[in-house]
Amino acid sequence: MASINKRGTKQWNVRIRRKGYPLQTATFEKREDAETWARDVESKMDKGAFLCTKEAERTSLHEALDRYIEEYAPSLADHQREVNRAKFLQKRKIAQMSLAKVRGMDIAAFIKEREAEGVAGNTIRLDLATFSRLFETARKDWGMEYLDNPVKKARKPKVSRGRERRLQDGEEEKLLKHAPEDFGPVIKFALETAMRRGEIAALRWENVKLKESTVFLPKTKNGAARTVPLSPAALNVLKELPRDIKGSVFRLAPDEITQAMKKARAGAKLKDLRFHDLRHEAVSRLFEKTNLDIMQIQMITGHKTLQMLARYTHLRAVDLVKSLAETP
């Protein structure tokens, strides 16, 4: 039988003694939370389904994130970004809670905090994805199979529609004019191939086939390898670069590409232009300036689903209207 005793003015201590089980104790700020926990533990004991949660109770979310960074993050494609996100999450108030005590309501409170800070819905979803991977890893790989994943119980924020930033007349020329010398080829290549920042940074000469006019990407954001066909302009960019058969093609890390983009954008005095917008521009041009069908474009861009390309189809519709108008 559980005993619930008040400690001070704001804490309720629960102690459960049951033959065949170690003493279970926990402390809560509200009596109703203490009673809920006690009922849950005793119910599981009655059913023979109780598992001791001491390890999860002793481990804070902050400590678990440390282990996650060391053991799990290195297996991800963009592990440095995941490490940075995990370290950021360690600074949040929720990180001081023990793994066993984090509930859906705590995740919901975290979401509200981030929304109040003006953070975009997609960024919050990325935060939640890290939390979710952490709980799943603790449950499956760290012997804490009794843990629930509280992220699954919280309402996810809505994701805003994808950015629509396009290069306006003269902006490409301005950007190239003010780009650092080693960054200009990256801009041109991105606009011709629609490749992501990480894909461009990871491109190595051994995966470049100049005679076949293709580059092979063994690891991409969605986890699937793909071969990207090169336009004559993209091919020329590669032919003009110094070549090290076993080295990086552009010799810039992802973060260096971002910093170079900031410098070029500032010098060109362009507003709200990000490197990823070049991918959006490149995909738009594939719809506007080629006769490739949507399946062929998907093979080039590496979008996981055709639905992700649906927002570009209006561009092809505009061209069809023009063609119909020109038909005798």
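Going left to right, the sequence shown walks through residues 1 to 328 as full-length UniProt numbering numbers them. For glycine and all other residues, C-beta sits at the position ideal for the given N, C-alpha and C. Everything numeric in this text was worked out from a predicted model, so none of it was measured.
- According to DSSP, residue pairing for Thr-227 in a beta bridge involves Phe-216.
- Glu-55 and Met-144 have their C-alpha atoms roughly 8 angstroms apart.
- Per DSSP, the continuous beta strand (DSSP E) segment holding Val-14 begins and ends at 11 to 16.
- The three-state secondary structure of Lys-54, taken from DSSP, is helix.
- Val-208 is bridged by DSSP to Val-215.
- The C-beta distance from Gly-104 to Lys-153 rounds to 3 angstroms, short enough to fall under 8 angstroms.
- Asn-236 has no beta-bridge partner at all, per DSSP.
- Within the same chain, Cβ atoms closer than 8 angstroms to the Cβ of His-276 are found at Arg-163, Arg-196, Arg-197, the five residues on either side in sequence being excluded.
- A straight-line Cα-Cα distance of about 35 angstroms links Val-283 and Glu-136.
- Put simply, of Thr-36, Gln-96, Thr-258, Arg-31 the residue whose alpha carbon is nearest the alpha carbon of Ala-179 is Thr-258.
- By the CB criterion at 8 angstroms, Ser-3 and Arg-18 fall outside the cutoff.
- For Ala-253, the CB contacts under 8 angstroms within the same chain, skipping 5 residues up- and downstream, are Ala-201 in chain order.
- Across the set Leu-134, Gly-170, Thr-227, the C-alpha of Thr-227 shows the shortest separation from the C-alpha of His-303.
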